[in-house]
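Single-structure report; data block below.
Protein chains in written order, with the numbering used here: chain A, 1239 to 1424; chain B, 11 to 306.
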């Protein structure tokens, strides 16, 4: 299968050409966040304090992950995606501010899929549980906000050829539904 | 499995009593926390290989290969196979002729979890209160299930359990009239609802019977069975086979991206039920089906 290479930050044009099922290799800066960090970020947005966000979401990718602790001499701990639906209540606010993609695993809500259509964003799946392997594509890692949250802190990763699959595209397509249609035995 | 020699002596009345020191328990639990997270069981690796052979989707095949590679890296580099190093779930089988010395048994286990997760650079995923949600910082407390059994051994099984697959598990109090067809429908409904979320390929533990909490416990215990082993009850063995085919035919596939390997195995455990009840619990385990045991 042909693989598409993308480097962050992303433009509308970068994500509009993506279609469900495509394999993508991401390079550049990406940011992490899960439940607790999302709550804080969206509280800031709602309070009108967008300039206090840990990073400007415009053109960026957020990876839903809470890495395991970094062993001495390594870049990062094991680092696979967490289940995305827990971030669904917060994701539309971030896409509205120009976030171009999120990476996780599992289904998204109709509201998130709608927000991705409206604000030109996509959702990628990384392989859930392939955490030791995924860590190999992370070249540097640092905590940039909310260190008190431990594994849930916001990290900035420099990644190289980070492997993902397009699950939801800007047209509202959903690979989870289409995949089942192909392989379900009637 | 490791066997450790412990001090044995004759107690008053001539009964053989084994004394086990809590420090030995702590050391073993700490070691197992790391081993379980670094070294995936051979039965799961074999199931991945079989899944790779049988999978009809090209993406599904790729995923099975990635999971094999991931487990190999984790083992070689002694790093966690998954960043979610799990809730430390412990099953104790405490022989009634065992005497524990050196302190509180549960505290010794808790200390083992604390050391294992801290020294092993494993992720600490436990919050002290479900609503206040402050991380305890050392992955304690564990969940401990204790069974008193005849004999003079202490068997400790550690099964770190990830949150993603646990969240997709369900229990239903069915009517006796729902029967086996009702059980099948429920298991399929749980699988369908879970879809990509619990990191398929998964293992489905199904507990049927008992009371509400017993059914849930049976489902979790069923996950400990070796993949590829036969259910002792021939009827349940047949049901496991049928359910495996049915959930795989949903087309969910590895990681939910489409395919025929949603589950690597379905394991059923049953227990006597009340004349009014048919409790059914489905506990889902992600492909990181981790467990280690020791007999002291």
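Positions of the beta carbon are idealized from the N, C-alpha and C atoms, including for glycine. Owing to the predicted nature of the structure, the values given are computational and were not obtained by experimental measurement.
Residue B:121 holds the alpha-carbon nearest to the alpha-carbon of residue 37 of chain B among B:26, B:90, B:121 and B:215. Against residue 95 of chain B, the close residues of chain A are 1306, in the order they occur along the chain (beta-carbon pairs closer than 7 Å). Within the segment 61-72 of chain B, the residues whose Cβ lies closer than 9 Å to any Cβ of chain A are, in chain order, 66, 67, 68, 69, 70 and 72. Of all residues in the segment 1368-1379 of chain A, those with a C-beta nearer than 9 Å to a C-beta of chain B are 1368, 1369, 1370, 1371, 1372, 1373 and 1374, reading in chain order. Per DSSP, residue 142 of chain B has no beta bridge partner at all. For the segment 120-132 of chain B, the residues whose beta carbon sits under 7 Å from a beta carbon of chain A are, in order, 131 and 132.
DSSP, read as helix, strand or coil, puts residue 155 of chain B in strand.
Contact annotation for residue 1323 of chain A against chain B: 207 [CB-CB distance below 8 Å, chain order]. With contacts defined by Cβ atoms closer than 8 Å, residue 180 of chain B and residue 212 of chain B do not form a contacting pair.
Counting along the chain, residue 302 of chain B sits inside the beta strand (DSSP E) bounded by residues 302-305. Annotated three-state conformation of residue 1420 of chain A is helix, per DSSP. Residue 1366 of chain A belongs to the set of residues whose beta carbon lies under 8 Å from a beta carbon in chain B.
For the pair residue 27 of chain B and residue 164 of chain B, the CB atoms are not nearer than the 8 Å cut-off. Excluding its 5 nearest sequence neighbours in each direction, residue 289 of chain B has C-beta neighbours in its own chain below 8 Å: 181, 182, 183, 184, 217, 218, 219, 220, 221, 222, 224, 225 and 283, listed in chain order. Residue 50 of chain B is not bridged by DSSP to any residue. Non-local C-beta neighbours of residue 1358 of chain A in its own chain, meaning closer than 7 Å and more than five positions away in sequence, comprise 1250, 1253, 1254 and 1408, ordered along the chain. When DSSP states are grouped into helix, strand and coil, residue 277 of chain B belongs to the strand group. Residue pairing from DSSP places residue 1400 of chain A in a beta bridge opposite A:1264. Check the Cα spacing between residue 178 of chain B and each of A:1284, A:1305 and A:1323: the tightest is with A:1323. Here residue 1423 of chain A is exposed: its Cβ has fewer than 16 other Cβ atoms, across all protein chains shown, within 10 Å. Around the CB of residue 72 of chain B, 16 or more other CB atoms lie within 10 Å, so the residue is classed as buried.
For residue 1403 of chain A, the neighbours in chain B by C-beta distance under 7 Å run, in chain order, 267.
Here residue 153 of chain B is exposed: its Cβ has fewer than 16 other Cβ atoms, across all protein chains shown, within 10 Å. 8 Å or more divides the Cβ of residue 1336 of chain A from the Cβ of residue 1320 of chain A. Taking C-beta separations shorter than 8 Å and ignoring five residues to either side along the sequence, the partners of residue 50 of chain B in its chain run 81, 84, 85, 91, 298, 299 and 300, following chain order. The Cβ-Cβ distance between residue 1393 of chain A and residue 1380 of chain A falls below 8 Å. The DSSP-derived three-state label of residue 67 of chain B is coil. A direct Cα-Cα distance of roughly 6 Å separates residue 170 of chain B from residue 99 of chain B. Looking at the backbone, the Cα of residue 1274 of chain A and that of residue 247 of chain B are separated by about 43 Å.
Judged by DSSP secondary structure, residue 101 of chain B falls outside any alpha helix (DSSP H) and instead within the beta strand (DSSP E) spanning 97-105. Residues of chain B whose Cβ lies closer than 9 Å to the Cβ of residue 1414 of chain A are, in chain order, 205, 206, 262, 266, 267 and 268.
An exposed status is given to residue 139 of chain B, since fewer than 16 other beta-carbon atoms sit within 10 Å of its beta-carbon.
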